[in-house]
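K.L.:
To start, I am sharing the structure in question, which I have written as structure tokens.
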Amino acid sequence: QVQLVESGGGLVQAGGSLRLSCAVAGRTFSTTTLGWFRQAPGKERDFVASITWSGSTNYADSVKGRFTISRDNAKNTMYLQMNSLKPEDTAVYYCAVRLAGLTYGYWGQGTQVTVSS
1 QVQLVESGGG
11 LVQAGGSLRL
21 SCAVAGRTFS
31 TTTLGWFRQA
41 PGKERDFVAS
51 ITWSGSTNYA
61 DSVKGRFTIS
71 RDNAKNTMYL
81 QMNSLKPEDT
91 AVYYCAVRLA
101 GLTYGYWGQG
111 TQVTVSS
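Our numbering numbers the first residue of the sequence shown as 1 and each following residue consecutively.
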């Protein structure tokens, strides 16, 4: 059974930083593409960033230059370093595994990020 657990969310002032973690169990981590998504109140869940098994990354335009996705295959953990945070980054952040057909699954429970102005 695949399990993903996010952590690291919290309350931060605009301009501040947070680092989210996503621990993955039950799947061959080193060969898996992983992604971060976020869902703000009343909105759909949006793509934030992804990272392949080899370390290739992709970012949503809204976070390019501010967020950095990374992974530690030895620890089966993915990270999202978020700098220069803005109030519009406020959302529940989720990690997931990319499946066949470029869909994502095995969603974690999410971690709340709140950025105050």
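Note that beta-carbon positions come from the ideal geometry of N, C-alpha and C, so glycine has one too. Note that the structure is predicted; figures quoted are calculated from it, not measured.
#1: Express the C-alpha separation of S21 and Y106 in angstroms, rounding to a whole number.
#2: What three-state label does DSSP hand G65 in the structure shown?
#3: Is it true that the CB of S30 sits closer than 9 Å to the CB of N73?
#4: Measuring alpha carbon to alpha carbon, tell me which residue in F47, K75, T111 and T77 is nearest L102.
#5: By Cβ distance below 6 Å, which residues in the same chain neighbour V92 in space, the five residues on each side in sequence not counted?
#6: Anyone know if the C-beta pair for A49 and W36 falls short of 9 Å?
P.N.:
Taking the definition as stated:
#1: Taking the sequence shown and counting its residues from 1, the one referred to as residue 106 is at position 106. Taking the sequence shown and counting its residues from 1, the one referred to as residue 21 is at position 21. So the two alpha carbons sit approximately 15 Å from each other.
#2: Taking the first residue of the sequence shown as position 1, residue 65 is located at position 65. Three-state result, G65: coil.
#3: As a position in the sequence shown, residue 73 is number 73, starting the count at 1. As a position in the sequence shown, residue 30 is number 30, starting the count at 1. Going by C-beta atoms, N73 is nearer than 9 Å to S30.
#4: Numbered from 1 along the sequence shown, position 102 holds the residue referred to as residue 102. Ranking the options by Cα distance to L102, first place goes to F47.
#5: As a first step, residue 92 is located in the sequence shown; it is residue number 92 there, counting from the start. The answer, listed in chain order, is Q39, G110 and Q112.
#6: In the sequence shown, residue 49 corresponds to position 49, counting from 1. In the sequence shown, residue 36 corresponds to position 36, counting from 1. Going by C-beta atoms, A49 is nearer than 9 Å to W36.
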